[in-house]
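Report on the following structure.
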Amino acid sequence: MKKIFVLAIVFLLLTASLSGCRRMTANQRRFSAPDPLPDVVTAARENKSGYTLYEPVGEDEGFPVYKESELLNYSEHSLWPELDTTYLSGARGDVSLILGHFPTEKIRMRDDGALILAYAVDSGSRVFCICDPKQNNYGELGHAIVVGSAHSYEEFKELKVGDPLEKVEEIDEAGAGFGRMCDIHFTDPGGYPNAHMGFKMDFLYDGDRHIVPFSTIHYLTDGIVKIDYEMLEDDQTILISDIVYSEDYILPDCLGNPIDYTLCEDDLPF
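So in this note's numbering, the last one in the sequence shown is 1570, and the numbering has no gaps at all.
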């Protein structure tokens, strides 16, 4: 009887430790509501800097629902899922800026200290920003992630370098958001980013030049895929230039540093 009681206690403790998510993810991350909230989050919610404040159009299971045309429209205020923000060292997007423009109560703290800001958009997808506790004001790490329907790596296995963007959109329309970006910017020669940039950016870091391609991130049931693209100068066709798959949800940023993109399963739309 005593042995059964001990086993029951162990089971209850294990269940409690996993309460932040349905189960442990591939690389064994735990999630919780940040308590207390970091000062930068509290200050951002008060919006003392007077940032342009966007209003959600509804709520979906606790996620604020924003217009996709506002949250993902590639303006100076919005998120840019197709650009690795590492090259800006978090300056373009940190917790104070993101929450100052797009408030959300849906915030997770991962066991490595990262803050994950979560949103929904009116197209039905969910959007996640991973913010780094090691950066000033929790700078955004890598790419924002747009997640729609459930997909597995099996669906991506046949893709290859040189395939057009349309093949990716056929698999994961939500994750492949270039339609949004092209509609907004490629019709305007002054748009940013735009066609004359050759569909990539470059920057200097510690005296070395680094190339930042435009990419799509696809969060899967069994890992994560990052697809880079290039644009043909003659007809502006967008083609795959590289494909990287990681079963443990860790991808390199544009400097080669690993970024853990693991999300809490309870927050996914599938």
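Positions of the beta carbon are idealized from the N, C-alpha and C atoms, including for glycine.
According to the DSSP assignment, G1358 belongs to the beta strand (DSSP E) that extends over G1358 to D1360. Leaving aside the five residues that flank D1360 on each side, the residues in its chain whose CB is nearer than 8 Å to its CB run, in chain order, A1420. According to the DSSP secondary-structure assignment, H1443 is paired through a beta bridge with no residue.
Within its own chain, the residues whose Cβ lies closer than 8 Å to the Cβ of P1334, once the five positions on either side in sequence are excluded, are V1341, I1407, R1408, M1409 and L1415, listed in chain order.
In this structure, DSSP gives K1526 an extended state, which the three-state scheme calls strand. Beta-bridge pairing by DSSP links H1518 to V1525. Annotation: the continuous beta strand (DSSP E) that includes L1539 extends over I1538 to S1546. Annotation: D1553 is outside any alpha helix (DSSP H) and is labelled neither H nor E by DSSP. A1414 is not bridged by DSSP to any residue. Less than 8 Å separates the beta-carbon of T1516 from that of G1475. Three or more beta-carbon pairs drawn from the segment 1543-1561 and the segment 1431-1444 are found closer than 8 Å, and the two stretches are therefore classed as touching.
Here Y1549 carries a coil assignment [DSSP, helix/strand/coil]. Between the alpha carbons of L1532 and R1345 lies a distance of about 43 Å.
Annotated as distal: D1528 and P1552, with beta-carbon spacing of 8 Å or more. When only Cα atoms are considered, V1461 and P1569 end up about 29 Å apart. Taking the C-beta atoms as reference points, V1447 is found nearer than 8 Å to R1426. A distance below 6 Å between beta-carbons, with the five flanking residues on each side excluded, links K1457 to no residue of its chain. The alpha carbon of N1436 has as its nearest neighbour, out of G1358, L1397 and L1353, the alpha carbon of L1397. One Cα belongs to G1523, the other to I1550, and the distance between them is close to 9 Å. About 13 Å separates the beta carbon of Y1438 from that of G1400, a gap too long to meet the 8 Å contact definition. In the structure shown, S1332 adopts extended strand secondary structure according to DSSP, grouped into three states. Contact annotation, C1429 with L1379: C-beta distance approximately 7 Å; criterion of less than 8 Å satisfied. If you check the CB distance, D1567 and A1418 come in under 8 Å. Annotation for Y1519: I1445 and V1447 place their beta carbon closer than 6 Å to its own, counting only its chain and skipping 5 residues before and after. With respect to the 8 Å criterion, D1463 and L1539 are classified as neighbours on the basis of their beta carbons.
With fewer than 16 other Cβ atoms from the protein chains shown falling within 10 Å of its own Cβ, E1470 counts as exposed.
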